[in-house]
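Okay, structure first, notes after.
2 protein chains.
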Amino acid sequence: MGGSTTGRRGPYAGTAARRRTILESAFEVFSEAGYRGGSMRDIAQRIGIAHTTLLHHFSSKSDLLAGVLELRDEHDQPGLAEAGGAGILRQLVEVVRRNQRTPGLTELYCILSAEATAPGHPAHEWFRERYVRTVGHTRAALEQMAQRGELREGVDPAREAQRIVALMDGLQVQWLLDRDSIDMAAQMREYLRRVSVPEI
Amino acid sequence: MGGSTTGRRGPYAGTAARRRTILESAFEVFSEAGYRGGSMRDIAQRIGIAHTTLLHHFSSKSDLLAGVLELRDEHDQPGLAEAGGAGILRQLVEVVRRNQRTPGLTELYCILSAEATAPGHPAHEWFRERYVRTVGHTRAALEQMAQRGELREGVDPAREAQRIVALMDGLQVQWLLDRDSIDMAAQMREYLRRVSVPEI
DNA sequence: CCTACCGATCGGTAGG
DNA sequence: CCTACCGATCGGTAGG
Numbered sequence: 001m002g003g004s005t006t007g008r009r010g011p012y013a014g015t016a017a018r019r020r021t022i023l024e025s026a027f028e029v030f031s032e033a034g035y036r037g038g039s040m041r042d043i044a045q046r047i048g049i050a051h052t053t054l055l056h057h058f059s060s061k062s063d064l065l066a067g068v069l070e071l072r073d074e075h076d077q078p079g080l081a082e083a084g085g086a087g088i089l090r091q092l093v094e095v096v097r098r099n100q101r102t103p104g105l106t107e108l109y110c111i112l113s114a115e116a117t118a119p120g121h122p123a124h125e126w127f128r129e130r131y132v133r134t135v136g137h138t139r140a141a142l143e144q145m146a147q148r149g150e151l152r153e154g155v156d157p158a159r160e161a162q163r164i165v166a167l168m169d170g171l172q173v174q175w176l177l178d179r180d181s182i183d184m185a186a187q188m189r190e191y192l193r194r195v196s197v198p199e200i
Numbered sequence: 001m002g003g004s005t006t007g008r009r010g011p012y013a014g015t016a017a018r019r020r021t022i023l024e025s026a027f028e029v030f031s032e033a034g035y036r037g038g039s040m041r042d043i044a045q046r047i048g049i050a051h052t053t054l055l056h057h058f059s060s061k062s063d064l065l066a067g068v069l070e071l072r073d074e075h076d077q078p079g080l081a082e083a084g085g086a087g088i089l090r091q092l093v094e095v096v097r098r099n100q101r102t103p104g105l106t107e108l109y110c111i112l113s114a115e116a117t118a119p120g121h122p123a124h125e126w127f128r129e130r131y132v133r134t135v136g137h138t139r140a141a142l143e144q145m146a147q148r149g150e151l152r153e154g155v156d157p158a159r160e161a162q163r164i165v166a167l168m169d170g171l172q173v174q175w176l177l178d179r180d181s182i183d184m185a186a187q188m189r190e191y192l193r194r195v196s197v198p199e200i
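Residue numbers (the UniProt record's numbering), protein chains in the order written: chain A, 1 to 200; chain B, 1 to 200.
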C-alpha cells in the first residue's frame, strides 16, 4: 500500500502523510499485540520500509505509542461534549455501536489499558487521565440529568459514572473473546434505561 | 527465599514443592508483565535457579502459563456453587472484596484476559471457557432468584449475567490504574441491590 | 539442577 | 530513506 511511485511534490511534502501512514500501521500492530508485544520491525514491514526509518519520524517506540494515542484522541472527542443531559446517554450507546463496527479501536484500548495498569508503562499516565476525563464527563451529564429530574431516584452521579464506564470496558472484553456472545450496544442501552426516569 | 540448604529428604521428594514454587513465581511475573512481556529468565531468577531448569518441570513457557491458570482455578472455584439465589450475589461481593485485598490475582486476570483476546494466544480458549462458565453460573443464580420472586421486574437473567461480569472486569481496570479512585466492593454491592427486589 | 550455546528478535545508533 | 551493526534478551536444546 505505501511506497508510492509518484515521488514527492516538494521538499518535506510527504512527511506529514508519511507520519500518518506510520501511525496507522503502529495502531494496527499495537491493537493486535499490545505495546510490549508489538515490534517496530513489524510496524515498518507492513508499510514496506526499514524499521530504522521509523526513528526518523518518531524518536522512540514509546514516542510512536504517544502518537497513536494522540491520533485516537482526535477521533474520539467530538460529540460527547455537545449533547446535554440524557442526550449524552444516547451518545454513549452510539459510541458503543461504533466500537462494534471498528474492532481495531476496541482492541487497542482493551489491550493497552490492561497493559498500562503497570506503573512504569509508557501509557500509564495517559490512561489514568483518560479515565478521569471520561468518568468526569459522564458524571457531569448525570448531574445535569439530576437537575432536570431525568435521573432515577437513588442514583448517585459520581458512582454511577464509574459503573457506566466500567460496564463499557467489561463488555468489550467479552465481546473481543467471542463476538457472537454479546451485543454491546443493546446491553448498554438496556442498562442506561435503568438509570433514567422511566418516561425517557 | 528458595534454594534451601537442608537438601532433599528423599528422591523426587521436592518435585511437587518445586513445581509449586515455580508456579508462584510465574504467577507474579505474568501478573506484572503479562505472558508476552514476562520472561522465563525473570521467573527463574526470582527463585534463584537457571531458566533452563524451568523446562525440567514444564515443557514450555505456555505450559507454565497453563499451570498458573490451573492453580488459580483451584483457588477460585469454592463457594460460588453452594449458595443459592440471592446468596450468590452476596458471594460475588465477597469475591470482589477478596480481589481488593489480593491485587496480584486481579492484575493477572486483567492483563491476561486482554492479551488473550488475540485468537492465537495460549490462554485464549481458557478465557473463553472461563467466561462461559462465570456468566453461566451467574445466569443460573439469577434464574433461581426469578423463580423465587427475588428478581426485580424486567431483569433478564441472561443479559444481566453478562453485565454483572462485565461490571466486575471494568471496575478492576479503573481500580488497577488508580486504587484510591474506586471502591470495587461498594460499587458492586450498590449495583446488585438494584437487581434484587427492594425487600432483600 | 547446571553451563554452554543455538538462532531469532528486540530497540536503537552510526553513518551515509 | 537505506545498510550495517550494536548489545541485550528471548525461548529452547544439548549434554552432562
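Beta carbons are placed, not taken as given, at the ideal position from N, Cα and C, and that holds for glycine. It should be emphasised that the depicted structure is a prediction, and the values quoted were computed from it without experimental measurement.
Please return the same chain residues whose Cβ sits closer than 8 Å to the Cβ of residue i, not counting the five positions on each side in sequence.
i: residue 219 of chain A; result: Not covered by the structure: residue 219 of chain A. The range shown for chain A is 1 to 200.
i: serine 31 of chain A; result: Gly104, Leu105, Glu107, Leu108, Ile111
i: valine 173 of chain B; result: Cys110
Please report whether the beta-carbon of residue i lies at a distance below 8 Å from any beta-carbon of chain A.
i: glycine 136 of chain B; result: no
i: leucine 92 of chain B; result: no
i: glycine 170 of chain B; result: yes
i: threonine 117 of chain B; result: yes
i: valine 68 of chain B; result: no
i: valine 96 of chain B; result: no
i: alanine 185 of chain B; result: no
i: isoleucine 111 of chain B; result: yes
i: isoleucine 182 of chain B; result: yes
i: glutamate 143 of chain B; result: no
i: arginine 159 of chain B; result: yes
Quick one: what's got a C-beta closer than 6 Å to residue i's C-beta in the same chain, skipping five residues either side?
i: phenylalanine 127 of chain B; result: Ser113, Ala116
i: alanine 83 of chain A; result: Gln91
i: leucine 71 of chain B; result: Leu23
i: alanine 158 of chain A; result: Arg139
i: aspartate 42 of chain B; result: Val29
From residue i to residue j, what does the alpha carbon distance come to, in whole angstroms?
i: tryptophan 175 of chain A; j: glycine 14 of chain B; result: 43 Å
i: leucine 55 of chain A; j: leucine 54 of chain B; result: 37 Å
i: valine 68 of chain A; j: alanine 26 of chain A; result: 7 Å
i: valine 155 of chain A; j: glutamine 187 of chain B; result: 12 Å
i: residue 218 of chain B; j: serine 62 of chain B; result: It is not possible to answer for residue 218 of chain B, since the shown part of chain B is limited to 1 through 200.
i: glycine 136 of chain A; j: alanine 161 of chain A; result: 8 Å
i: methionine 184 of chain B; j: histidine 51 of chain B; result: 37 Å
i: isoleucine 182 of chain A; j: leucine 171 of chain A; result: 8 Å
i: alanine 141 of chain B; j: arginine 193 of chain B; result: 15 Å
i: arginine 9 of chain A; j: valine 96 of chain A; result: Its pLDDT being 46, under 50, arginine 9 of chain A is placed unreliably in this model, and the coordinates cannot settle the point.
i: arginine 133 of chain A; j: aspartate 169 of chain A; result: 15 Å
i: leucine 65 of chain B; j: glutamate 94 of chain B; result: 26 Å
i: glycine 37 of chain B; j: valine 29 of chain B; result: 9 Å
i: glutamate 153 of chain B; j: methionine 145 of chain B; result: 11 Å
i: isoleucine 88 of chain A; j: serine 59 of chain B; result: 52 Å
i: alanine 16 of chain B; j: glutamate 74 of chain B; result: 16 Å
i: histidine 124 of chain B; j: aspartate 178 of chain A; result: 10 Å
i: serine 130 of chain B; j: proline 119 of chain B; result: At residue 130 of chain B the sequence reads arginine, which differs from the serine that was named. Each residue's alpha carbon lies about 15 Å from the other.
i: glutamate 143 of chain A; j: threonine 102 of chain A; result: 31 Å
i: arginine 148 of chain A; j: arginine 189 of chain A; result: 20 Å
i: aspartate 180 of chain B; j: arginine 98 of chain B; result: 16 Å
Leaving out five residues before and five after residue i in sequence, what residues of the same chain have Cβ atoms less than 7 Å from its Cβ?
i: arginine 18 of chain A; result: His57
i: alanine 150 of chain B; result: It is glutamate, not alanine, that sits at residue 150 of chain B in the sequence shown. If we look at glutamate 150 of chain B and ignore the five residues flanking it on each side, its Cβ neighbours are Gly85, Ala86, Ser196, Val197, Ile200.
i: methionine 40 of chain B; result: His51, Leu54, Lys61
i: alanine 44 of chain B; result: Ala50, His51, Thr53, Leu54
i: glycine 34 of chain A; result: Ile111, Leu112, Glu115
i: glutamine 100 of chain A; result: Met184, Ala185
Could one say the Cβ of residue i lies closer than 8 Å to chain B's Cβ atoms, at least one of them?
i: phenylalanine 127 of chain A; result: yes
i: glycine 2 of chain A; result: Any reading at glycine 2 of chain A must be qualified, since the residue scores a pLDDT of 37, below 50, and its modelled position is unreliable; the value itself is stated next. For glycine 2 of chain A, the answer is no, since every Cβ of chain B falls outside 8 Å of its Cβ.
i: glutamine 100 of chain A; result: no
i: arginine 139 of chain A; result: no
i: residue 249 of chain A; result: Absent from the model: residue 249 of chain A. The displayed extent of chain A is 1 to 200, so no value can be given.
i: valine 197 of chain A; result: no
i: alanine 166 of chain A; result: yes
i: glycine 104 of chain A; result: no
i: glutamate 32 of chain A; result: yes
i: glycine 87 of chain A; result: no
i: arginine 133 of chain A; result: no
i: aspartate 178 of chain A; result: yes
i: glutamate 150 of chain A; result: no
i: residue 202 of chain A; result: Because chain A here runs from 1 to 200, residue 202 of chain A falls outside it and cannot be looked at.
i: glutamate 153 of chain A; result: no
Going by DSSP, which residues form a beta bridge with residue i?
i: serine 181 of chain B; result: DSSP output for serine 181 of chain B lists no bridge partner at all.
i: serine 196 of chain B; result: B:Leu151
Whole runs of the alpha helix (DSSP H) within the stretch 121-167 of chain A, excluding any shorter than 4 residues:
124-147
Let me know the beta strand (DSSP E) ranges lying completely inside the stretch 12-86 of chain B, each 3 residues or longer, listed in chain order.
Counting only runs of 3 or more, we get nothing.
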